[in-house]
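Shown next, in structure tokens, is the structure this report addresses.
Numbering (my numbering), first residue to last: 1 to 261.
Pasting the structure below:
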């Protein structure tokens with residue numbers, strides 16, 4: 001940027017700005033050069049702002065053997081929400097959903113493979129699950145659909161987990177390089193880990209069923225309360241109308257008798 005005389009002592013103001021990155025991409029530096037030219041002096045300043053000094057991060061989390069996430073998703077009527085989860089090659093992929101509350105208690109669910117095929121076809125159900133062992137790897141698409149509901153939104157519990165059992169083999173090889181015989185130990189740990197994963201799945205399903213039953217119970221309670229209040233109001237109104245007409249009937253008879261006398 002170049003500017004002309006803006007103040008009495010300033011003739012020229014030149015500002016040069018750029019960004020420098022290292023070849024490896026680990027560092028980036030935002031630098032600015034300011035040149036001030038006046039009648040009395042020439043001043044040059046350098047301003048360096050280190051914008052980032054961070055190593056490149058692998059977004060795919062290659063060092064993490066497993067991931068388990070659980071969401072409670074609010075799906076608007078007539079809408080579809082899709083989520084994406086990266087799965088390592090050879091890993092086990094598992095996902096499930098349960099409709100907690102809203103409408104008829106059902107929603108659409110579909111899973112798309114990284115190759116583009118639907119491995120879990122679209123189904124309109126209150127809950128469903130899908131599991132794939134020894135996946136080829138890639139990003140899986142999990143979609144929750146509420147297009148058949150025109151007015152009712154849905155609260156859906158979504159659970160996704162992936163796990164690489166090959167990590168145990170890698171640990172085994174590292175320890176075998178130390179001349180340690182830990183095959184039985186590794187086999188035991190792997191069995192414990194598989195049981196823990198299975199237990200987490202059952203606990204997640206139990207929590208989802210408990211939440212759904214609680215929401216159903218609350219909905220039935222509100223329904224019974226409102227319906228009972230409505231019936232009470234109708235009974236009171238009907239009684240008041242009957243009393244009104246009966247009193248009116250007797251008052252008209254007494255008036256006629258007085259007129260005859």
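Every residue, glycine too, gets a C-beta built ideally from N, C-alpha and C.
- Counting along the chain, residue 105 sits inside no beta strand (DSSP E), nor does DSSP assign it H or E at all.
- With contact defined as three or more Cβ pairs closer than 8 Å, the stretch 206-216 and the stretch 133-148 are not in contact.
- With contacts defined by Cβ atoms closer than 8 Å, residue 107 and residue 122 do not form a contacting pair.
- Residue 71 and residue 232 have their C-alpha atoms spaced approximately 42 Å apart.
- Boundaries of the beta strand (DSSP E) around residue 138: 138-145.
- The beta carbon of residue 126 is closer than 6 Å to those of 99, 105, 106 in its chain, skipping five residues each way along the sequence.
- The C-beta distance from residue 142 to residue 216 rounds to 25 Å, too long to fall under 8 Å, and the pair is not in contact.
- The Cβ neighbour count for residue 115, taken over all protein chains shown within 10 Å, is under 16; the residue is labelled exposed.
- Residue 91 sits in coil when the DSSP states are folded into three classes, being neither helix nor strand.
- Residue 154 sits in a strand when the DSSP states are folded into three classes.
- Comparing C-alpha distances from residue 73 to each of 204, 81, 91 shows the shortest one belongs to 81.
- Cα atoms of residue 203 and residue 238: separation of roughly 52 Å, rounded to the nearest angstrom.
- When DSSP states are grouped into helix, strand and coil, residue 238 belongs to the helix group.
- Excluding sequence positions up to five before and after residue 161, its CB lies within less than 6 Å of the CB of 68, 94, all in the same chain and listed in chain order.
- Looking at the DSSP output, residue 127 bridges to 98.
- Judged by DSSP secondary structure, residue 164 falls outside any beta strand (DSSP E); it is assigned neither H nor E.
- With a cutoff of 8 Å on beta-carbon distance, residue 155 and residue 97 are scored as not near each other.
- The three-state secondary structure of residue 213, taken from DSSP, is helix.
- Of the candidates 102, 83, 84, the residue whose Cα lies closest to the Cα of residue 76 is 102.
- In this chain, residue 79 is not harboured by any beta strand (DSSP E), its DSSP state being neither H nor E.
- Per the coordinates, the alpha-carbon of residue 236 lies some 26 Å from the alpha-carbon of residue 219.
- When beta bridges are read from the DSSP output, residue 72 appears opposite 157.
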